[in-house]
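Remarks on the structure that follows.
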Amino acid sequence: MLNAQLLQQAKPYVDEKQSKTFWFDIRNTDRSVGASLSGYIAQTHGDQGLAGDPIVAHFSGTAGQSFGVWNAGGVELHLTGDANDYVGKGMAGGLLAIRPPVGSAFRSHEASIIGNTCLYGATGGRLYAAGRAGERFAVRNSGAITVVEGIGDNGCEYMTGGIVCVLGKTGVNFGAGMTGGFAYVLDEDGDFRKRVNPELVEVLDVDSLAIHEEHLRGLITEHVQLTGSQRGEEILANWPAFSAKFALVKPKSSDVKALLGHRSRSAAELRVQAQ
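What the sequence shown shows, in our numbering, is residues 3 to 277, in sequence order.
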């Protein structure tokens with residue numbers, strides 16, 4: 003079983019707090035990959051105890067359900083291929099980066115790369131996926147940061163924290179019950195506001211918020227670095243045109259000036275932070 007294999011190979015390095023990189027093939031019968039390793043790290047060093055000395059695993063193929071579930075700080079999983087439902091469910095830290103195989107004929111933001119209910123109940127960590135996610139994306143997210151290239155219905159439902167960036171279309175009922183965190187959404191067709199549940203959230207234009215515009219650019223840059231996203235590259239190469247089409251979704255109760263954890267830091271400081 004891949005989960006046990008990963009733990010067995012990584013365990014000596016976890017014990018010594020040494021960073022190490024591994025490579026594996028993965029199939030859709032391989033479920034909850036990374037869970038045993040994350041559990042062992044949390045038990046041995048605490049949830050974020052290995053964050054500075056990560057175990058890095060590269061996978062090729064189609065991952066089964068719950069890839070990167072309960073991911074701990076210090077676990078970095080890179081997947082070339084695609085994944086089923088529940089990617090990053092309950093993740094607490096670390097990194098998940100998912101990209102299509104080299105030479106794929108489809109445009110990443112028009113094809114699904116991860117399934118439904120991804121990032122459900124996540125409390126931390128980062129997820130970058132060069133493709134679309136399914137329905138109920140980032141439901142009950144309370145701290146994870148993510149960039150994907152499209153999502154289905156009920157995105158960011160009951161979200162209480164974290165940052166979600168969508169470089170493509172969303173389904174309906176976006177932001178229902180969302181009381182914390184915020185989202186950046188690319189609204190190329192100009193109809194995104196119709197898809198938002200307006201009860202608790204409001205939609206602002208990113209290009210009127212200089213610090214957020216710089217922060218968004220940094221997120222997309224990291225997305226490109228980690229996934230090779232052609233969609234991300236296209237957006238960055240035509241930044242003035244695309245930045246004008248991004249919306250920021252936040253709870254009505256949140257002060258936009260405090261969303262990034264500060265009130266007065268300059269765009270230049272944020273640019274350094276994003277690098």
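C-beta atoms are modelled at their ideal positions from N, C-alpha and C, and glycine is treated no differently.
Fair warning: this is a prediction, and the values are worked out from it, not measured in the lab.
Mapping the DSSP letters down to three states, classify residue i as helix, strand or coil.
i: Gly280; result: For residue 280 there is no data in the structure shown, the boundaries of the chain being 3 and 277.
i: Val208; result: helix
i: Asn101; result: Residue identity check: residue 101 is Arg in the sequence provided, not Asn. Arg101 falls in the strand class under three-state DSSP.
i: Val174; result: coil
i: Gly220; result: helix
i: Phe69; result: coil
i: Arg195; result: helix
i: Phe285; result: Here the chain covers residues 3 to 277 and nothing more, so residue 285 does not appear.
i: Lys254; result: coil
i: Phe244; result: helix
i: Lys259; result: helix
i: Thr229; result: helix
i: Thr119; result: coil
i: Thr46; result: helix
i: Ser34; result: coil
i: Ser110; result: helix
i: Leu52; result: coil
i: Thr125; result: coil
Under the rule that 16 or more other beta-carbon atoms within 10 Å means buried, what is residue i, buried or exposed?
i: Phe108; result: exposed
i: Thr172; result: buried
i: Lys252; result: buried
i: Lys91; result: buried
i: Thr229; result: buried
i: Arg29; result: exposed
i: Ser245; result: buried
i: Asn240; result: exposed
i: Val17; result: According to the sequence shown, residue 17 is Asp rather than Val. Burial call: exposed.
i: Leu188; result: buried
i: Gly75; result: buried
i: Glu201; result: exposed
i: Ser40; result: buried
i: Gly136; result: buried
i: Ala6; result: exposed
i: Ser21; result: exposed
Looking at the secondary structure, which residues open and close the alpha helix (DSSP H) in which residue i lies?
i: Gly234; result: Gln232 to Ala239
i: Leu8; result: Leu4 to Asp17
State yes or no: is the C-beta of residue i within less than 9 Å of the C-beta of residue j?
i: Pro56; j: Glu78; result: yes
i: Ala37; j: Gly66; result: no
i: Phe194; j: Ser256; result: no
i: Glu159; j: Ser231; result: no
i: Leu169; j: Val205; result: no
i: Lys13; j: Leu52; result: no
i: Gly123; j: Asn143; result: yes
i: Ser34; j: Phe69; result: yes
i: Ala140; j: Val166; result: yes
i: Met93; j: Gly127; result: yes
i: Leu129; j: Ile100; result: yes
i: Gly63; j: Gly83; result: yes
i: Phe176; j: Glu215; result: no
i: Leu4; j: Asp32; result: yes
i: Arg134; j: Ile153; result: yes
i: Gly234; j: Ala132; result: yes
i: Phe24; j: Val58; result: yes
i: Ala157; j: Arg138; result: It is worth fixing the name first, because residue 157 is Gly in this sequence and not Ala. Cβ atoms of Gly157 and Arg138: closer than 9 Å.
List the endpoints of the continuous beta strand (DSSP E) containing residue i.
i: Arg128; result: Arg128 to Ala131
i: Asp27; result: Lys22 to Ile28
i: Leu79; result: Val77 to Ala85
> Which runs of the beta strand (DSSP E) fall wholly inside the region 140-167 and span at least 3 residues, in chain order?
Replying inline: If you keep only unbroken beta strand (DSSP E) runs of at least 3 residues inside the region 140-167, you get 144-150.
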